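Using the UniProt record's numbering, the final residue of the sequence shown is 246, and nothing's skipped along the way. Just so you know, even glycine gets a beta-carbon here, dropped at the ideal spot from N, CA and C. The structure presented is a predicted model; accordingly, all values stated were derived computationally and were not measured. Structure record follows, encoded as structure tokens.
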Amino acid sequence: MVPSMVPLIVRVYVEDAVAEVPVTPDTTCKDLIECVRDPGDEQCSLVESWGQGCERVLQDEDRPLEVLQEWGAHQDQVRLVLRYTVLPPSTGGGPDTRNGMKEPGFFGDSLRDGVELTLSELEEMACRQQQQIDSQRQLLAAKEQRLRFLKQHEARHQQVAAEHERLRRLRDRVEAQELKLRKLRALRGQVDQNKLNNASLTSDLDSIRALFNEKEKELSVAVAKVEELTRQLEELRRGRKESTPP
């Protein structure tokens, strides 16, 4: 017979060990138990465990893959654990019993041809009904615990995502401030360089001005000497003319 799909590997925690069992969508919890349990007459049950001490006993007809798929992206938060248990003897003993409890619909079998039930039979029916109610309450409580766990996990995930977003915005603001600071430093460097250039130009201008003043003084002295020599030359010429006889 060709399987409907390639088997997937499911981990089952058995006491201190971990068993990896290939399963298909048709595999039941009972099949899984038979694969990993120790030989013997001990009663076993498969437990769905998550969070801190939250767990739910799975029924034999439950399908492990469907149980895990209910968790969606949080499958890594749940474990399938094999527990060895001692179950109380079933009081019905009929073919309709399962895990010590009769399936719904046993009232029609009890009321045979309108015969009145004895007190013990009524007590037994009430006990079974109470067991069913307790089982349903346990199932409801387990589902509520799992829902609360998923909501808490989702809330933590949203909180972490919000914190990451806040850190990202803060990082963006810091990077923007650093960019502005680098630009300001570059502008300040340009201003300082301009100041240095201006100081150098001022120094050069002062040097040129001092040299000009010095040359101007030298020129004034030279002009004075020329004027003195010209005056002396004119005096010599006049003296020669006066000493020459007519």
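Assign residue 43 to one of three DSSP states: helix, strand, or coil. In the sequence shown, the residue the question calls residue 43 occupies position 43. Three-state result, residue 43: strand.
Selected residue, minimal CA-CA separation from residue 22, among 140, 11, 230 and 125: Against the sequence shown, residue 22 aligns to sequence position 22. Ranking the options by Cα distance to residue 22, first place goes to 11.
Simplified DSSP assignment, three categories, for residue 63: As a working mapping, residue 63 is identified with position 63 in the sequence shown. In this structure, residue 63 counts as coil in the three-state DSSP scheme.
Evaluate the contact criterion for the region 71-82 versus the region 164-171: three or more CB pairs, one atom per stretch, below 8 Å. no
Please report the Cβ distance between residue 62 and residue 29, rounded to the nearest whole angstrom; I am assuming they are in contact, meaning their Cβ atoms lie under 8 Å. Counting from one through the sequence shown, the residue named residue 62 turns up at place 62. Counting from one through the sequence shown, the residue named residue 29 turns up at place 29. Yes, they are in contact, since the Cβ atoms of residue 62 and residue 29 sit about 5 Å apart, within 8 Å.
From the DSSP output, in three-state form, read off residue 178 for me. The residue you call residue 178 lines up with position 178 of the sequence shown. Under the three-state reduction of DSSP output, residue 178 falls in the helix class.
Taking just the CA atoms, how far does residue 24 sit from residue 8? Locating residue 8 in the sequence shown gives position 8, counting from the first residue. Locating residue 24 in the sequence shown gives position 24, counting from the first residue. When rounded, the distance between both Cα atoms is 6 Å.
Boundaries of the beta strand (DSSP E) in which residue 8 is found, first to last residue: As a working note, residue 8 is residue 8 in the sequence shown. Start and end: 8-14.
Leaving out the 5 sequence neighbours to the left and right, which residues in its chain are closer than 6 Å to residue 18 when beta-carbon positions are compared? Here the question's residue 18 lines up with position 18 in the sequence shown. Correct list, in chain order: 11.
So, for residue 140: in the same chain, excluding its five sequence neighbours on each side, which residues have a beta-carbon less than 6 Å away from its beta-carbon? Indexing the sequence shown from 1 puts residue 140 at position 140. Result list for residue 140: empty, nothing under 6 Å.
Looking at the strands, I want to know which residues DSSP matches up with residue 22. Looking up residue 22 in the sequence shown gives position 22. 9.
Tell me which residues share the same chain as residue 46 and place their Cβ nearer than 7 Å to its Cβ, disregarding the 5 neighbours each side in the sequence. Indexing the sequence shown from 1 puts residue 46 at position 46. In the same chain as residue 46, and ignoring 5 residues on each side of it, the C-beta atoms closer than 7 Å to its own belong to 29, 32, 33, 58, 80 and 82, in chain order.
Here's the rule I'm using: 16 or more other beta-carbon atoms within 10 Å means buried, otherwise exposed. How should residue 48 be labelled? If you number the sequence shown from 1, residue 48 lands on position 48. Looking at its Cβ environment, which holds 16 or more other Cβ atoms inside 10 Å, residue 48 is buried.
Would you grab the beta carbon distance between residue 74 and residue 150 for me? Rounded to a whole angstrom, and I think it's under 8 Å. The sequence position of residue 74 within the sequence shown is 74, counting from 1. The sequence position of residue 150 within the sequence shown is 150, counting from 1. Yes, residue 74 and residue 150 are in contact; Cβ-Cβ is about 6 Å, under 8 Å.
Taking its Cβ as the centre, do 16 or more other Cβ atoms sit within 10 Å of residue 127, making it buried, or is it exposed? Taking the first residue of the sequence shown as position 1, residue 127 is located at position 127. Under this definition residue 127 is an exposed residue.
Does DSSP put residue 70 in a helix, a strand or coil? Taking the first residue of the sequence shown as 1, we reach residue 70 at position 70. Note: residue 70 maps to coil in three-state DSSP.
Take the Cβ of residue 182 as the centre, count every other Cβ of all protein chains shown within 10 Å, and call the residue buried at 16 or more, exposed below. As a position in the sequence shown, residue 182 is number 182, starting the count at 1. It is exposed - the Cβ of residue 182 has fewer than 16 other Cβ atoms within 10 Å.
Kindly indicate the opening and closing residues of the alpha helix (DSSP H) around residue 31. Translated into the one-based positions of the sequence shown, residue 31 becomes position 31. Run containing residue 31: 29-36, per the alpha helix (DSSP H) assignment.
Per DSSP, cross-strand counterpart(s) of residue 54: Mapped onto the sequence shown, residue 54 falls at position 54. DSSP output for residue 54 lists 50 as bridge partner(s).
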